[in-house]
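Visitor: This note's numbering puts the first residue of the sequence shown at 1, with every later residue one more than the last. All C-beta atoms, glycine included, are put in the ideal place defined by N, C-alpha and C.
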Amino acid sequence: MSDNPLLHISNLSVSFGRDDREVRAVRRASFDIGRGETVALVGESGSGKSVTALSIMQLLPYPMAWHPEGSIKFNGSELVGADEDVLSKIRGDQIGIIFQEPMTSLNPLHTIEKQVGEIIFLHKKLDRDLAKRRIIELLQQVGLAEAESRLGAYPHQLSGGQRQRVMIAMALANDPDLLIADEPTTALDVTIQAQILALLKELQVKRNMSMLLITHDLGIVRKVADRVCVMTHGQIVEQGPTEDIFENPQHSYTQHLLAAEPKGKPITAHADAPIIMETDYLKVWFPIKRGVLRRVVGHVKAVDGISVQVREGHTVGVVGESGSGKTTLALGLLRLEKSDGPIVFVGRDIQGWSWKELRPLRREMQIVFQDPYGSLSPRMSIGQIIEEGLLVHEPDLSYEARRKIIDDALVEVGLDPETQDRYPHEFSGGQRQRIAIARAMVLKPRFLVLDEPTSALDMSVQAQIVDLLRDLQQRHKLAYLFISHDLKVVRALADEVIVMRQGKVVEQGAADQIFDAPKEAYTKALIAAAFDIEAVEDGSVST
Numbered sequence: 001m002s003d004n005p006l007l008h009i010s011n012l013s014v015s016f017g018r019d020d021r022e023v024r025a026v027r028r029a030s031f032d033i034g035r036g037e038t039v040a041l042v043g044e045s046g047s048g049k050s051v052t053a054l055s056i057m058q059l060l061p062y063p064m065a066w067h068p069e070g071s072i073k074f075n076g077s078e079l080v081g082a083d084e085d086v087l088s089k090i091r092g093d094q095i096g097i098i099f100q101e102p103m104t105s106l107n108p109l110h111t112i113e114k115q116v117g118e119i120i121f122l123h124k125k126l127d128r129d130l131a132k133r134r135i136i137e138l139l140q141q142v143g144l145a146e147a148e149s150r151l152g153a154y155p156h157q158l159s160g161g162q163r164q165r166v167m168i169a170m171a172l173a174n175d176p177d178l179l180i181a182d183e184p185t186t187a188l189d190v191t192i193q194a195q196i197l198a199l200l201k202e203l204q205v206k207r208n209m210s211m212l213l214i215t216h217d218l219g220i221v222r223k224v225a226d227r228v229c230v231m232t233h234g235q236i237v238e239q240g241p242t243e244d245i246f247e248n249p250q251h252s253y254t255q256h257l258l259a260a261e262p263k264g265k266p267i268t269a270h271a272d273a274p275i276i277m278e279t280d281y282l283k284v285w286f287p288i289k290r291g292v293l294r295r296v297v298g299h300v301k302a303v304d305g306i307s308v309q310v311r312e313g314h315t316v317g318v319v320g321e322s323g324s325g326k327t328t329l330a331l332g333l334l335r336l337e338k339s340d341g342p343i344v345f346v347g348r349d350i351q352g353w354s355w356k357e358l359r360p361l362r363r364e365m366q367i368v369f370q371d372p373y374g375s376l377s378p379r380m381s382i383g384q385i386i387e388e389g390l391l392v393h394e395p396d397l398s399y400e401a402r403r404k405i406i407d408d409a410l411v412e413v414g415l416d417p418e419t420q421d422r423y424p425h426e427f428s429g430g431q432r433q434r435i436a437i438a439r440a441m442v443l444k445p446r447f448l449v450l451d452e453p454t455s456a457l458d459m460s461v462q463a464q465i466v467d468l469l470r471d472l473q474q475r476h477k478l479a480y481l482f483i484s485h486d487l488k489v490v491r492a493l494a495d496e497v498i499v500m501r502q503g504k505v506v507e508q509g510a511a512d513q514i515f516d517a518p519k520e521a522y523t524k525a526l527i528a529a530a531f532d533i534e535a536v537e538d539g540s541v542s543t
């Protein structure tokens, strides 16, 4: 620990509410970050990590939030209670921040060029041409493919991983002295994670940049952090050098956190179980239109000739980098994207069916989306969200019958039925994911698409969701298409694995075969990055 730290936090407390309804979110937290040092703040959802980070930037909803006590000094200057003029010069310039949810952090009405450029214009006063070159350079640094052609794109036109990279580019735009990274690699596949972490480390060395890393991924913490602070219920219960925390944790909560990880393998299902969903050489191509007449000059081959069978009680895992076509494959199978090729659901080819013909089958094909916060309406209570499917598919059910089904669905996913009158923002990330699963399960589907269902969750909550999905699959004989960049979770659930890259299958086979004896260099690189095996530059695993 430095004698002259860049950031010094002493006895920081944060409260929310007013009058007699005070909620203490952070309790007397103290830690330092030295110049060029990486400190990781770890803990489960609701432990106070993000509130601590927002306190440093003074971005809490003051005066509904306040600091009963404590000090935050950056470069020797007090930030608690500082003038807005002082803070505006520091934010985005001397301190950069990567927010946790890129979809809600990026402005949906502005292009990527405008949003990254705004940070540069505010602090560097560059002319437009220089600023544009800097924007392209930043997007290339964070691994965004075809960076120049993405400048005019809007956030909804990018994948979750691509949006995360844009957020990282914005945070790094002005070469900050301190980077606050709140779950910076949550939506990224393991190879891009490695690239981003290597980039951050390179910038640290080059500029002596400090970093506060907030993450639930303990593997990243071990690779990157110099010191670790463990937080629970608003308190830092243990802190010290990374190796000491991992090798000899003292506090019982730290021991619990390190032990929590999705484990085990899928429950063996019958190899001759009936096929629920099948496709052969499926294509999903998007036209590229140019010119005044908007003529088609080519196609983006998002899914290019993929064959898959999903049997009753089986899980097919789909892995690959963001933008590889994983989600598009799922949307094609569900007939939510136009595609070419047979789609056989329970023995019937539904490819040419109209929306009216498909409607009775929709209840049997459900999806749990990647971002539970974005996919749950903030204006509807949990009961209304789960009830919506019943109103569409079973309109003749009585109110009492619907309430009974909703109660049973909430109990099945481990939630209290008494919570159904609450709204999504009142739940943690793990609870919102359970609500999304309950919404899908209430219609008793046979085929369920799970699109990154654990990507934004703490390690211990990931393990709980994996156990829940296993239990639901066994109880209802569900067929899962499980999309994830987290190979550890895929290994715990999948019977078969498809590795995708740029819309094509790189490798496909039984999960044990893919994980224990991968044939392709790209698959080897993914597994090496996920399981901390050393991999050489071409993607093969080194000995």
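#1: Output the distance between the C-alpha atoms of R21 and L54, rounded to the nearest integer angstrom.
#2: Apply the 10 Å Cβ neighbour rule to R295 and answer buried if 16 or more other Cβ atoms are within range, or exposed otherwise.
#3: How would you write the range of the beta strand (DSSP E) that H8 sits in, first residue to last?
#4: Label T38 either buried or exposed according to how many other C-beta atoms from any shown protein chain fall within 10 Å of its C-beta, with 16 as the threshold for buried.
#5: Suppose the cutoff is 8 Å on Cβ atoms and the five residues either side in sequence are ignored; what does the same chain contact list for I276 look like?
#6: Please report the straight-line C-alpha distance between E337 and T328, rounded to a whole angstrom.
#7: Checking 8 Å against the spacing of the C-beta atoms, do V318 and F427 come in under that value?
#8: Any idea which residues DSSP pairs F286 with across the strands?
#9: Per DSSP, A521 is paired with what?
#10: Check whether the Cβ atoms of Y253 and V237 lie closer than 8 Å to each other.
#11: If you draw a straight line from the alpha carbon of L218 to that of L258, how long is it in whole angstroms?
#12: Measuring alpha carbon to alpha carbon, tell me which residue in G161, E278, Q431 and W353 is nearest S322.
#13: Say yes only if the C-beta of K524 is nearer than 7 Å to one or more non-hydrogen atoms of the ligand FAD, and no if none qualify.
#14: Under 8 Å, do I405 and V449 count as touching if we go by C-beta distance?
#15: Do you know offhand how far V368's Cα is from E247's?
#16: Determine the DSSP secondary structure at W353, reduced to helix, strand or coil.
#17: Whole angstroms is fine: what's the gap from A82's alpha carbon to I98's?
#18: Starting from Q420, follow the alpha helix (DSSP H) in both directions and report where the run begins and ends.
#19: To the nearest angstrom, report how far apart F121 and L130 are at their CA atoms.
#20: Check G117 in the structure and name its three-state DSSP category.
#21: Using the beta-carbon count (16 or more within 10 Å), is D182 buried or exposed?
#22: Helix, strand or coil, according to DSSP, for Y373 in the structure here?
#23: Look at the alpha carbon of T315 and the alpha carbon of L376, and state the distance between them as a whole number of angstroms.
#24: Starting from the Cα of R501, find the closest Cα among D512, A40 and L526 and give me that residue.
#25: Find out if the Cβ-Cβ distance for the pair T279, V308 is shorter than 8 Å.
#26: Quick one: residues in its chain with C-beta nearer than 6 Å to the C-beta of T543, no 5 flanking neighbours on either side, listed in chain order?
#27: Report back the beta-carbon spacing between Q508 and V489 to the nearest angstrom; my notes put them in contact at under 8 Å.
#28: According to DSSP, which residues form a beta bridge with L200?
#29: According to DSSP, which residues form a beta bridge with A510?
#30: Which first and last residues belong to the beta strand (DSSP E) in which V213 is found?
#31: Could you have a look at Q94 and say whether DSSP puts it in helix, strand or coil?
#32: In angstroms, rounded to a whole number, what distance separates the CA positions of G96 and G291?
#33: Identify whether D154 lies in helix, strand or coil by the three-state DSSP scheme.
#34: Exposed or buried, which one is Y522 when buried takes at least 16 other CB atoms within 10 Å?
#35: Using 8 Å as the cut-off, can you tell me whether the region 239–246 makes contact with the region 52–72, which would need three or more C-beta pairs spanning the two stretches below that distance?
#36: Suppose the cutoff is 7 Å on Cβ atoms and the five residues either side in sequence are ignored; what does the same chain contact list for D304 look like?
Guide: According to the data block:
#1: Here residue 21 refers to the residue found at position 21 of the sequence shown. Here residue 54 refers to the residue found at position 54 of the sequence shown. Computed Cα separation, rounded: 21 Å.
#2: Position 295 of the sequence shown holds residue 295. Exposed is the label assigned to R295, since fewer than 16 other Cβ atoms lie within 10 Å of its Cβ.
#3: Taking the sequence shown and counting its residues from 1, the one referred to as residue 8 is at position 8. That run of the beta strand (DSSP E) goes L7 to F16.
#4: Within the sequence shown, residue 38 is the residue found at index 38, counting from 1. Result: buried.
#5: Residue numbering aside, residue 276 sits at position 276 when the sequence shown is read from its first letter. In chain order, V310, R311, E312, F345, V346, R446, F447 and A479 place their CB closer than 8 Å to the CB of I276, counting only its own chain and leaving out the 5 sequence neighbours on each side.
#6: As a working note, residue 337 is residue 337 in the sequence shown. As a working note, residue 328 is residue 328 in the sequence shown. C-alpha separation (whole angstroms): 7 Å.
#7: On the sequence shown, position 318 is the one that residue 318 refers to. On the sequence shown, position 427 is the one that residue 427 refers to. Cβ atoms of V318 and F427: not closer than 8 Å.
#8: On the sequence shown, position 286 is the one that residue 286 refers to. Paired residue(s): V300.
#9: Along the sequence shown, read from residue 1 onward, the residue named residue 521 stands at position 521. Looking at the DSSP assignment, A521 forms no beta bridge with any residue, so it has no partner.
#10: Counting from 1 along the sequence shown, the entry for residue 253 is found at position 253. Counting from 1 along the sequence shown, the entry for residue 237 is found at position 237. In contact: Y253 and V237 (Cβ atoms closer than 8 Å).
#11: Counting from one through the sequence shown, the residue named residue 218 turns up at place 218. Counting from one through the sequence shown, the residue named residue 258 turns up at place 258. Spanning the two alpha carbons is a distance of roughly 8 Å.
#12: Within the sequence shown, the letter at position 322 stands for residue 322. Nearest option by C-alpha distance: G161.
#13: Inclusion of the ligand FAD in the displayed structure is not the case, the ligand content being empty and no account of it being possible.
#14: Residue numbering aside, residue 405 sits at position 405 when the sequence shown is read from its first letter. Residue numbering aside, residue 449 sits at position 449 when the sequence shown is read from its first letter. Cβ distance not < 8 Å, so I405 and V449 don't count as in contact.
#15: Numbered from 1 along the sequence shown, position 368 holds the residue referred to as residue 368. Numbered from 1 along the sequence shown, position 247 holds the residue referred to as residue 247. One C-alpha to the other measures close to 37 Å.
#16: Walking along the sequence shown from the start, residue 353 turns up at place 353. Of the three classes helix, strand and coil, the one that applies to W353 here is coil, per DSSP.
#17: In the sequence shown, counting from the first residue as 1, residue 82 sits at position 82. In the sequence shown, counting from the first residue as 1, residue 98 sits at position 98. When rounded, the distance between both Cα atoms is 22 Å.
#18: Counting from 1 along the sequence shown, the entry for residue 420 is found at position 420. Here Q420 belongs to no alpha helix (DSSP H), and DSSP marks it neither H nor E.
#19: For the purposes of this step, residue 121 is identified with residue 121 of the sequence shown, where counting begins at 1. For the purposes of this step, residue 130 is identified with residue 130 of the sequence shown, where counting begins at 1. CA-to-CA, the gap between F121 and L130 works out to about 10 Å.
#20: One-based indexing of the sequence shown puts residue 117 at position 117. G117: helix per DSSP, three-state reduction.
#21: Position 182 of the sequence shown, counted from the first residue, corresponds to residue 182. Buried is the call here.
#22: Within the sequence shown, numbered from 1, the residue matching residue 373 stands at position 373. Residue state, collapsed to three classes: helix.
#23: In the sequence shown, the residue the question calls residue 315 occupies position 315. In the sequence shown, the residue the question calls residue 376 occupies position 376. Distance between the alpha carbons of T315 and L376 is about 25 Å.
#24: Working through the sequence shown from its first residue, we reach residue 501 at position 501. The candidate whose alpha carbon is nearest that of R501 is L526.
#25: Numbered from its first residue, the sequence shown carries residue 279 at position 279. Numbered from its first residue, the sequence shown carries residue 308 at position 308. Yes, the pair counts as a contact, with Cβ atoms nearer than the cut-off.
#26: Looking up residue 543 in the sequence shown gives position 543. Low confidence applies to T543: its pLDDT is 30, below 50, so where it sits in the model is not reliable, and the reading given next is rough at best. Nothing meets the Cβ criterion.
#27: Position 508 of the sequence shown, counted from the first residue, corresponds to residue 508. Position 489 of the sequence shown, counted from the first residue, corresponds to residue 489. Contact doesn't hold; Cβ gap of about 19 Å is too wide.
#28: As a position in the sequence shown, residue 200 is number 200, starting the count at 1. According to DSSP, which records beta bridges pairwise, L200 is partnered with nothing at all.
#29: Reading the sequence shown from its first residue, position 510 is the one you call residue 510. Partner(s): E496.
#30: As a first step, residue 213 must be located in the sequence shown, where it is residue number 213. It should be noted that the sequence gives Leu, not Val, for residue 213. Its beta strand (DSSP E) spans residues S210 to I214.
#31: Residue mapping note: residue 94 aligns to position 94 of the sequence shown, counting from 1. Coil.
#32: Taking the sequence shown and counting its residues from 1, the one referred to as residue 96 is at position 96. Taking the sequence shown and counting its residues from 1, the one referred to as residue 291 is at position 291. Distance between the alpha carbons of G96 and G291 is about 40 Å.
#33: As a first step, residue 154 must be located in the sequence shown, where it is residue number 154. It is Tyr, not Asp, that sits at residue 154 in the sequence shown. If DSSP states are grouped into helix, strand and coil, Y154 belongs with coil.
#34: The residue labelled residue 522 in the question sits at position 522 within the sequence shown. By the 10 Å Cβ count, Y522 comes out buried.
#35: no
#36: Here residue 304 refers to the residue found at position 304 when the sequence shown is read from its first residue. Around D304: K283, G503 and K504.
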